[in-house]
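Written out below as structure tokens is the structure these notes cover.
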Amino acid sequence: MAGPLKTEAIVLRSIRYGEADRILHLYTPTHGRLSAIAKGARRARSRFGARLEPFFYVQALLHESRSDLLTVTGVDTIAAYPALRDHAATLDAAARACDAVTRLFETSDPHPEVFRLLANELALLHADAAQARTANGLSFRLKLLLAAGIVPQLAACAVCGETEHLQGFSGAAGGVVCSLCEAAAFPLEEDAYRFLVGALGAPLAQAPDGAERTLRQVERAIGEIAEHHAHVRLRPLLAA
Ligand SMILES: [Zn+2]
């Protein structure tokens with residue numbers, strides 16, 4: 000990186016550091032995930048104000064310093080999403096969304112679509128607290144898998160290509176499997192299959208819903224894909 004970097008960023012985490020500083024994990028459209036230090040950010044009269052709290056969507060000015068951390072020299076708020084801080088459920092959903100991005104996209108590789116997806120999710124949670132539901136969280140994760148290039152195969156058996164009798168899901172195979180190939184699979188019912196197809200095809204705000212049994216199968220499918228193909232464990236959305 001030559002010279003200062005002016006970039007949009009979403010604050011994924013904000014960690015207290017030293018006497019008055021904060022270390023930030025930022026997600027950016029063109030530089031992926033970055034870490035930066037905001038010196039003096041916790042002082043009462045900090046020029047950063049409250050703009051470096053988690054979930055803030057900001058315009059940040061970052062400078063390279065001698066350490067591998069960038070230094071925040073300026074920050075303007077683009078969106079604060081204040082209403083998502085009003086409810087425990089929306090706060091929790093926002094934290095889980097940021098956590099899933101952190102785990103699946105930990106490098107500085109650019110994924111502008113992930114940035115937009117996260118900004119959309121935060122805006123949705125701010126605008127409508129009812130979106131803080133499991134189905135929305137699962138839809139968000141499915142779209143993250145798509146951006147990571149590990150979307151589950153749903154159109155045909157992931158092992159043999161058969162398009163009929165798709166009744167299992169195998170994370171190792173990478174998607175749905177037919178009745179003949181289901182050795183390492185778990186049963187995936189029609190409703191869960193419909194959810195996977197529907198959630199990938201619909202905007203976040205119109206994520207399909209489902210019974211708990213259905214959502215559990217969907218969560219297991221997403222979890223297995225992330226584990227087998229990105230070596231990432233996602234935090235559970237549904238209690239065991
Ligand atoms: Zn098969």
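Final position of the sequence shown in numbering that gives the first Met the number 0 is 239; the numbers increase by one with none missing.
Ideal Cβ placement from N, Cα and C applies to all residues, glycine included.
Around the beta carbon of P186, fewer than 16 other beta carbons sit within 10 angstroms, so the residue counts as exposed. Look at which beta carbons fall closer than 6 Å to any heavy atom of ligand 1; those residues are C156, V158, C159, E161, V176, C177, L179, C180.
Beta bridge pairing from DSSP links T29 with no other residue. With 16 or more other Cβ atoms from the protein chains shown falling within 10 Å of its own Cβ, R32 counts as buried. Nearest to R102 by C-alpha distance, out of K38, D75, R12, G2, is R12.
The beta-bridge partner set that DSSP reports for F185 consists of F168. Here DSSP, grouped into helix, strand and coil, assigns R132 to coil.
Using a C-beta cut-off of 8 Å, the region 96-115 makes no contact with the region 205-222, since fewer than three inter-stretch Cβ pairs fall below that distance.
G73 is a Cβ neighbour of L60, given a cutoff of 8 Å.
Between D20 and G39, the gap from beta carbon to beta carbon is short of 8 Å.
Taking A201 as reference, the option from A79, R46, A154, A134 with the minimal CA-CA separation is A134. If you compare the alpha carbons of S178, S138, G173 with that of P151, the shortest gap goes to G173. Around the C-beta of L179, fewer than 16 other C-beta atoms lie within 10 Å, and the residue is accordingly described as exposed.
Between I9 and I22, the C-beta gap is not smaller than 8 Å, which leaves the two residues out of contact. In the DSSP assignment, I221 falls within the unbroken alpha helix (DSSP H) covering 211-229.
Residue range 111-126 is occupied by the alpha helix (DSSP H) that includes E120. An exposed status is given to L237, since fewer than 16 other beta-carbon atoms sit within 10 Å of its beta-carbon. In this structure, the alpha-carbon of D98 lies about 8 Å from that of R234.
Under the DSSP definition of a beta bridge, L23 partners with S13, A35.
With respect to L83, L124 sits close: the two C-beta atoms are nearer than 8 Å. Secondary structure note for A92: its alpha helix (DSSP H) is the uninterrupted segment 87-103.
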